[in-house]
Structure formats: C-alpha cells, structure tokens
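Trainee: In this note's numbering, the protein residues as written are 2 to 744.
#1: Out of 77, 62, 55, point me to the one whose CA is closest to residue 10's CA.
#2: From the DSSP output, in three-state form, read off residue 293 for me.
#3: Count the other C-beta atoms from every protein chain shown that fall within 10 angstroms of the C-beta of residue 437, then say buried if there are 16 or more, exposed otherwise.
#4: Consult DSSP for residue 273 and reduce its assignment to one of helix, strand or coil.
#5: May I ask you to verify whether the segment 341-357 touches the segment 425-433, counting CB pairs closer than 8 Å and requiring at least 3?
#6: For a test of the three-state rule: what should DSSP assign to residue 643, helix, strand or coil?
#7: Kindly indicate which residue of 279, 738, 258, 31 has the alpha-carbon position closest to the one of residue 410.
#8: Compute the minimum distance between the beta carbon of residue 292 and the heavy atoms of the ligand GDP, and state whether it is under 8 Å.
#9: Using a Cβ-Cβ cutoff of less than 6 Å, which residues in the same chain neighbour residue 1 once the five nearest sequence positions on both sides are dropped?
#10: Are the Cβ atoms of residue 275 and residue 97 separated by less than 9 Å?
#11: Do residue 255 and residue 130 have their beta-carbon atoms positioned less than 9 Å apart in this structure?
#12: Mind pulling the beta strand (DSSP E) runs of 3 or more residues that sit fully within the segment 278-356?
#13: Count the other C-beta atoms from every protein chain shown that fall within 10 angstroms of the C-beta of residue 318, then say buried if there are 16 or more, exposed otherwise.
#14: According to DSSP, is residue 447 part of a helix, a strand, or is it coil?
#15: How is residue 177 classed by DSSP in three states: helix, strand or coil?
#16: Considering only the beta carbon of each residue, do residue 503 and residue 63 sit closer than 9 Å?
#17: Would you mind sorting residue 187 into buried or exposed? The rule is 16 or more other CB atoms within 10 Å of its CB.
#18: Assuming residue 399 is part of the alpha helix (DSSP H), what are its boundary residues?
#19: For residue 443, tell me which candidate among 258, 470, 402 has the shortest Cα-Cα distance.
#20: Work out the CA separation of residue 295 and residue 135 for me, nearest whole Å.
#21: Compute the beta-carbon to beta-carbon distance between residue 291 and residue 376, rounded to the nearest angstrom, for a pair I have assumed lies under 8 Å.
#22: Could you tell me the boundaries of the alpha helix (DSSP H) in which residue 33 lies?
#23: Just the Cα atoms here: how many angstroms apart are residue 57 and residue 141?
#24: Are there 16 or more other CB atoms within 10 angstroms of the CB of residue 528, so buried, or fewer, so exposed?
#25: Would you mind reading off the limits of the alpha helix (DSSP H) that contains residue 607?
#26: The beta strand (DSSP E) that contains residue 12, what's its start and end?
#27: Determine which residues share a DSSP beta bridge with residue 79 and list them.
#28: Does the count of Cβ pairs from the segment 320-330 and the segment 471-478 closer than 8 Å reach three?
#29: Residue 480: which of 49, 299, 731 sits nearest, CA to CA?
#30: Out of curiosity, what's the CA-to-CA distance linking residue 637 and residue 566?
#31: Between the alpha carbons of residue 260 and residue 277, how many angstroms are there, rounded?
#32: May I have the straight-line CA-CA distance separating residue 71 from residue 347, to the nearest angstrom?
#33: Go ahead and pull the three-state DSSP assignment for residue 207.
#34: Count the C-beta pairs between the segment 619-636 and the segment 500-515 that are closer than 8 Å, then say yes if the count reaches three, no if not.
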C-alpha cells in the first residue's frame with residue numbers, strides 16, 4: 002500500500018480575482034497606448050507624445066510577460082514519511098557552502114550554517130559538507146575547526162530531542178530563557194543549559210580568533226598553510242576536518258577547501274568556486290545529488306533533504322525529467338514591514354508559483370538540489386551513461402579535463418554510483434582538479450558545470466539546464482527549508498540589486514539568451530517569457546527614468562502629456578493607477594503583509610529601478626563596449642545576537658547613504674520634481690496639468706528618504722559630492738526645459 006502512495010501532491014491554485022485584475026490592467030495599458038497612437042496620428046509627430054508612447058508600449062509588454070507567468074499557478078506538497086516506507090536506500094548528498102570574505106561574511110554565520118546542515122535529519126553517512134573559502138582566511142578555517150568540536154555534542158543533541166531549528170544562534174536566541182515546554186524532562190534542561198554554555202564558548206573563540214591564531218601559524222602547525230598567504234595568489238588548500246568512517250559516527254564528512262588562485266588566471270567568482278567544489282567532491286565523495294547554499298542560508302527545516310528526495314524519487318514520467326529542486330529564499334530578522342523591499346514575498350507567491358506551472362522555477366543560487374550528472378552535461382533524452390566505450394579520450398579531456406581519476410568518477414556519477422573509499426586516498430587528485438589552470442581548453446564553464454559570463458551565474462546555469470529540456474520543481478515548506486539574512490542597510494541592498502541587474506543583462510545580451518534557447522534548444526516558449534521578464538529588470542530603468550522625467554518637463558514648460566481634466570480619456574490613466582495599486586494592495590493582504598509593507602515595496606521599486614538597476618545597465622554597456630569588466634560584489638552579511646537590545650532594527654529603518662554614485666540619479670529625480678512643483682505652483686500652472694502634478698507628488702513621496710537625506714548628518718545624510726552632482730544634473734535638465742519653451 003505504501004508503494005502506491007505518491008510522494009508528492011500537485012495542486013492548481015485558482016486566483017480568478019487576480020486574473021481579472023491582470024486583464025483589466027493590461028486593457029487599460031493598451032487603451033493608453035491606443036490613445037497615444039491616435040494623438041500622434043491626428044496631431045503629427047511630437048517628441049513628448051512619442052516618448053510617452055514608447056514607454057507605455059514597454060510597460061504593456063512587461064505586463065503581458067507577467068500575465069503569461071502568473072496564468073497557471075500550482076503548488077507541490079511532498080510526503081517524506083511515505084518515502085521512508087518504500088524499500089529504497091536514501092542517496093548520498095554533497096553539500097556546498099560558499100563564503101568569500103570573512104569581513105563581509107563573518108565566520109560565525111558560516112559556522113551556524115554548517116552546524117545546521119550537519120544536523121539535518123538524514124543519515125550522516127550519506128552527507129558530506131564542503132565549505133569553500135574563497136578568501137583563504139585562517140579565521141574561517143579556525144572557526145570551522147572549533148565548530149567541529151561543538152558539532153560532536155550539538156548534532157546528537159538535536160537528533161535526540163528532535164530539535165526543529167538546528168542553527169544554534171537561532172535556537173538560543175531567547176538568551177537565558179528555557180523553552181516553554183514544561184513537559185521536557187530534567188535531563189533535557191540540564192543538557193540544554195550545557196549546550197548553550199558550550200555555544201557561548203564557541204562564539205567567544207570565534208570572536209577572538211584573529212588574536213588566537215596569530216602565534217599558531219608556525220611551520221608544522223595546523224595553520225601553517227595560511228602563513229603569509231596572499232588571498233589572490235596562493236595554492237590549493239584542502240583539509241579533511243572530519244571523515245565519517247564506516248558510517249559509525251553521527252557526523253557527516255566535513256571538508257574545508259580554498260581553491261588555487263593566480264593573478265594570471267581568471268577565477269570566475271562564485272561560478273568558478275562551484276565548479277571546483279563539484280570536481281573536488283566528485284573525487285572525494287561523488288554523491289549523485291548536490292545541495293548548494295550561501296554561507297548565511299542555514300537549514301531551518303531538518304527534513305528538507307527528504308522533501309527534495311520525494312521529488313527526485315517519484316516514479317511518474319514527468320518527474321524523471323526534474324533537473325533541480327529549488328527552495329525559496331526566506332529571511333530571518335527581516336525588518337518590520339520590509340523597509341528595503343528585499344524579502345520578495347509577493348514575487349515568490351505569485352510569480353514563482355506561476356512559473357511552477359510552466360517548465361519550473363529558475364535556479365536562484367542557494368537552497369537548490371541538483372543531480373550531479375546533469376551538472377556534468379546529461380540531457381533528458383540520455384537514458385544511459387553518456388560516457389561509454391565509443392567516447393574518445395579527446396572528447397573526455399575536452400569535457401572534463403586531464404585528470405583520469407576525475408573522468409573515472411564522472412563515469413560513476415552518470416550511473417549514480419558513489420562507491421569511493423577513504424577521503425584521504427584522493428586528496429592529491431582533488432588538489433590537482435582545484436588548480437586554477439585545470440579548466441583551460443575544457444568545457445567547464447560553457448557546457449559542463451556552472452556557466453561563466455555573468456555575475457548571476459545561478460540564473461544562467463539554470464537556463465542552460467532547462468534549455469536541454471529539464472524541468473524544475475519549487476518546494477515551499479512549512480517551516481521554510483532555509484533562512485538567510487537580507488541586507489539591512491540601503492547601500493547593501495542597492496549593491497545587491499545592481500549586481501542582479503548587471504548579471505541578468507549579461508545573460509540577455511549573450512549567446513545564452515533565452516530566445517536562442519527556445520529557437521535552438523528545448524526551452525518552452527512560456528518559460529522563455531518568464532526568463533525575459535526577469536532578465537529585463539535592468540532595462541526597465543531606461544523607460545522608467547524617461548517616463549519619470551515627463552511630468553516634471555510638462556510642469557516646467559506648462560505642457561501636458563496626460564489627458565486634460567476636460568477630456569474623457571482622463572479616466573484611462575486614473576483607472577490604471579487605481580486598479581494597479583488595488584491589485585498590489587490585495588496581493589500584500591493575501592500574503593499577510595501590512596499596508597506599510599506595500600508602500601515600502603512600491604517606494605523601493607522606484608528606488609531600485611532608477612538607482613541600482615540603472616547602474617547595472619551602465620555596467621553592461623561598458624562591458625559590451627570593451628571599456629570595463631563587471632565585478633562580482635559580495636553583499637555584506639550581518640550577524641544577530643541574543644544580546645541585541647532592539648536598537649539594531651530601529652537604526653536599520655532609517656535610510657543610510659554612502660559615497661556610491663548609485664544615489665546620484667535618485668537625488669537628481671527628487672530635485673527635478675521638487676523644482677517642477679515649485680515652478681508650477683508659483684506660476685499657477687497646476688490647473689492645466691493636474692495629473693502631471695499628481696505624478697510628481699507621487700515620485701517625491703517615493704524618494705522622500707532622499708529628501709530627508711539632504712538634511713541628514715553623518716551616514717544618515719547624502720554626501721555633499723553626491724548632492725553637488727545631482728544639483729548640476731537637475732539644473733541642466735531645468736535649463737533644457739526652459740530652452741525648449743523659448744524655442
């Protein structure tokens with residue numbers, strides 16, 4: 002009976018109200034475009050109306066893509082308890098944790114992520130945790146070594162008492178308070194207190210790690226490999242911190258890796274790291290499944306691996322074509338009301354569930370399970386091992402590199418066979434495949450592994466997987482599978498948004514464009530629309546900036562681009578504004594968020610688009626012109642502590658600024674509209690441009706934090722140089738408007 006029960010349940014989500022509102026908005030957008038077309042046909046060419054026509058046509062196109070994505074939302078529910086009833090052996094999983102900078106990504110965060118992963122509810126002998134340290138930091142290595150000592154008591158404790166949250170910094174967040182479950186035995190309370198004390202000792206050791214290791218790097222010491230290390234030019238360092246021999250202990254394998262770096266070779270940022278980890282793990286453990294997480298994304302649901310296996314083990318034909326299983330990016334300690342609009346709740350609920358009804362969600366770089374053989378290049382139509390006696394040695398070297406040991410492990414991987422012996426036996430071979438020149442002349446980064454050429458290597462890699470015809474599944478668990486930390490300051494949030502916009506545009510203007518993947522590959526047309534909706538994030542900054550300039554131009558020149566009060570067509574933009582914002586409010590209400598959260602996201606939508614995304618466009622244009630290369634910028638991760646007194650959240654709700662040029666465009670937009678409103682009011686021109694004045698007021702409200710920044714001090718104020726550049730740009734705009742009027 003157990004074998005006949007499905008491991009998952011697929012449910013269609015009915016949202017008739019949202020569909021109706023989507024179509025109403027699309028109809029109003031087309032009506033507005035039609036109004037522009039009729040105006041141009043009857044009145045002749047006009048720069049103002051042509052600009053509005055082009056922008057509104059773009060908005061209509063983007064909205065059409067959104068309708069396609071959200072048309073058929075579905076949900077999947079998995080049943081891991083049914084999996085355990087089946088007479089199958091759970092497969093091995095190699096876990097990849099990536100960190101790059103011990104300052105921006107404090108080791109205590111990485112340590113908690115590793116501890117939560119090692120304590121997952123899955124056979125320890127089937128797990129191997131690889132930590133890639135691209136910063137080659139002795140502090141990170143020391144922290145992991147000390148964390149291993151704590152893991153020897155923490156993991157058994159979690160499994161003994163079925164602890165739900167297995168990242169200790171979250172488990173002990175209530176400080177000295179014991180859990181409120183009074184039915185726990187005295188033994189548990191005693192162990193709980195002991196565990197908390199041990200974790201506090203671990204925290205202390207990590208905080209003092211820099212001082213502790215200063216005298217510990219003498220030749221022959223455990224940290225000797227890090228002595229006088231150059232983080233941009235050093236050999237490979239592989240440390241087997243723990244090996245689960247014969248599957249006896251309760252701890253999975255734990256391996257530290259810092260790949261070789263050389264100034265003569267490109268290292269390809271995170272994509273390069275993932276490929277090195279894939280090869281090293283292929284030689285050491287060679288698990289058929291891979292899980293990758295960012296260093297701040299701890300396992301919040303200890304059952305997550307079993308949930309993923311429910312998808313991979315399903316016997317239905319469609320599920321044999323599943324390439325990867327993606328979990329949503331959820332966050333802990335998120336600021337109340339999502340001040341910086343980076344928690345993406347509505348995006349995941351409406352857009353990602355919609356994409357689930359197509360070819361499957363996009364790979365988002367963390368919390369994702371992959372099949373190793375797919376990472377190695379296998380397509381759905383390959384039912385057998387693609388490496389056979391007909392495969393020439395030249396083809397193997399071209400695909401996988403010159404390591405015969407790795408080619409043998411890849412052959413086993415295609416058969417999903419991970420029969421390897423002691424980890425130490427293969428460390429030398431693993432060191433070889435981690436060298437920075439290993440990929441030269443191979444398919445790594447182009448056809449094999451994580452794909453190079455974009456700072457959003459995750460989306461590009463997922464696109465190439467789906468181009469072959471693979472599908473993907475999105476599992477939204479309760480509690481969430483993984484939790485991470487979202488940026489809690491505006492500069493960090495904008496840096497992240499700029500990197501996303503840059504990387505997505507790099508994909509759009511490359512040979513891996515989803516349009517080509519549909520024309521020459523097996524990417525479905527609707528899935529192509531989903532990718533286009535995402536990849537054009539950065540491009541939206543251009544029409545939005547142009548459209549934002551129109552009301553200010555009209556107020557300054559006493560003209561209008563929207564219908565006058567006397568015209569019946571005035572109801573088109575008014576209805577569009579009302580219906581759109583009503584739909585947005587409804588979505589935030591349906592996802593349990595506040596009106597304030599809705600407003601914060603509307604505000605940050607404008608700030609992200611006109612500030613961060615615009616500079617993403619600039620970066621890509623400079624790259625296409627050969628004037629510069631894009632750079633992968635690590636987002637600063639911030640730790641939370643039980644000792645926090647609540648001031649952190651309060652401080653984070655106040656916008657801070659820095660010297661970054663990203664703030665220039667937002668400040669310029671604000672100044673232009675403030676000046677336009679003043680000119681309109683002083684000249685009593687507002688009667689002829691009511692809608693234009695409303696648009697300007699709306700934009701001033703969106704950029705209100707920048708207005709406060711003009712009068713703020715320290716980090717809460719806009720830098721003088723930023724203000725000066727914005728004043729010059731705003732003055733030029735106003736001058737050109739006046740000059741146009743005179744002409």
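C-beta: ideal position from N, C-alpha, C; glycine also. Computed from a prediction, not measured in an experiment: that's the story for all the values here.
Mentor: So, from the listed chains and residues:
#1: Along the chain shown, one-based indexing puts residue 10 at 9. Comparing Cα-Cα distances from residue 10 to each of 77, 62, 55, the minimum goes to 77.
#2: Start at 1 with the first residue of the chain shown, and residue 293 comes out as number 292. Three-state DSSP puts residue 293 in a strand.
#3: As a working note, residue 437 is residue 436 in the chain shown. Residue 437 is buried by the Cβ-count criterion.
#4: Working through the chain shown from its first residue, we reach residue 273 at position 272. Correct three-state label for residue 273: helix.
#5: Pairwise C-beta distances place the segment 341-357 out of contact with the segment 425-433, as fewer than three of them are shorter than 8 Å.
#6: Position 642 of the chain shown, counted from the start, is the residue given in the question as residue 643. Since pLDDT at residue 643 reaches only 46, below the 50 mark, its modelled position is unreliable, and no value is offered.
#7: Working through the chain shown from its first residue, we reach residue 410 at position 409. Of the residues 279, 738, 258, 31, the one whose Cα lies closest to the Cα of residue 410 is 279.
#8: Among the components of this structure there are no ligands whatsoever, and the ligand GDP is therefore not found.
#9: A question about residue 1 goes unanswered here, because the residues of the chain that appear run from 2 up to 744.
#10: The count along the chain shown starts at 1 and reaches residue 275 at position 274. The count along the chain shown starts at 1 and reaches residue 97 at position 96. Cβ atoms of residue 275 and residue 97: closer than 9 Å.
#11: If you number the chain shown from 1, residue 130 lands on position 129. If you number the chain shown from 1, residue 255 lands on position 254. Closer than 9 Å, so yes.
#12: Runs found: 290-295, 323-327.
#13: Counted from its first residue, the chain shown places residue 318 at position 317. Caution is warranted here: a pLDDT of 49 is assigned to residue 318, below 50, making its placement in the model unreliable, and the coordinate value is therefore given only provisionally. Exposed: under 16 other Cβ atoms inside 10 Å.
#14: Residue numbering aside, residue 447 sits at position 446 when the chain shown is read from its first letter. Residue state, collapsed to three classes: coil.
#15: As a first step, residue 177 is located in the chain shown; it is residue number 176 there, counting from the start. Low confidence applies here, because residue 177 scores a pLDDT of 48, under 50, leaving its location unreliable; read the following figure in that light. In the three-state scheme derived from DSSP, where H, G and I count as helix and E and B as strand, residue 177 is classed as coil.
#16: The residue you call residue 503 lines up with position 502 of the chain shown. The residue you call residue 63 lines up with position 62 of the chain shown. Their beta carbons are not under 9 Å apart, which means residue 503 does not touch residue 63 by this criterion.
#17: For the purposes of this step, residue 187 is taken as the residue at position 186 of the chain shown. Exposed is the call here.
#18: In the chain shown, counting from the first residue as 1, residue 399 sits at position 398. Looking at the DSSP string, the run of the alpha helix (DSSP H) that includes residue 399 is 394-401.
#19: Looking up residue 443 in the chain shown gives position 442. Nearest C-alpha to residue 443: 402.
#20: Numbered from 1 along the chain shown, position 134 holds the residue referred to as residue 135. Numbered from 1 along the chain shown, position 294 holds the residue referred to as residue 295. Going from the Cα of residue 135 to the Cα of residue 295 covers about 13 Å.
#21: By 1-based counting over the chain shown, the position of residue 291 is 290. By 1-based counting over the chain shown, the position of residue 376 is 375. Sure, about 7 Å apart at Cβ, within 8 Å.
#22: Residue numbering aside, residue 33 sits at position 32 when the chain shown is read from its first letter. Residue 33 -> alpha helix (DSSP H) spans 17-44.
#23: As a working mapping, residue 57 is identified with position 56 in the chain shown. As a working mapping, residue 141 is identified with position 140 in the chain shown. Between the C-alpha atoms of residue 57 and residue 141 there is a straight-line separation of about 51 Å.
#24: Sequence index remark: in the chain shown, residue 528 carries index 527 (1-based). By the Cβ-count criterion, residue 528 is buried, with 16 or more other Cβ atoms from all chains shown falling within 10 Å of its own Cβ.
#25: Residue mapping note: residue 607 aligns to position 606 of the chain shown, counting from 1. First-last of the alpha helix (DSSP H) with residue 607: 596-608.
#26: Numbered from its first residue, the chain shown carries residue 12 at position 11. Boundaries of the beta strand (DSSP E) harbouring residue 12: 9-13, taken from the DSSP string.
#27: Within the chain shown, the letter at position 78 stands for residue 79. Paired residue(s): 9.
#28: Yes, since at least three Cβ pairs between the segment 320-330 and the segment 471-478 fall closer than 8 Å, the two stretches touch.
#29: What you label residue 480 is simply residue 479 of the chain shown in a count that begins at 1. Answer by Cα proximity: 299.
#30: Locating residue 637 in the chain shown gives position 636, counting from the first residue. Locating residue 566 in the chain shown gives position 565, counting from the first residue. Their backbone Cα atoms lie some 49 Å apart in a straight line.
#31: Numbered from 1 along the chain shown, position 259 holds the residue referred to as residue 260. Numbered from 1 along the chain shown, position 276 holds the residue referred to as residue 277. Distance between the alpha carbons of residue 260 and residue 277 is about 7 Å.
#32: Mapped onto the chain shown, residue 71 falls at position 70. Mapped onto the chain shown, residue 347 falls at position 346. Whole-angstrom Cα-Cα distance: 12 Å.
#33: On the chain shown, residue 207 is found 206 positions in, with the first residue counted as 1. Reduced to three states, the DSSP call for residue 207 is helix.
#34: Three or more Cβ pairs closer than 8 Å define a contact, and the segment 619-636 meets that threshold against the segment 500-515.
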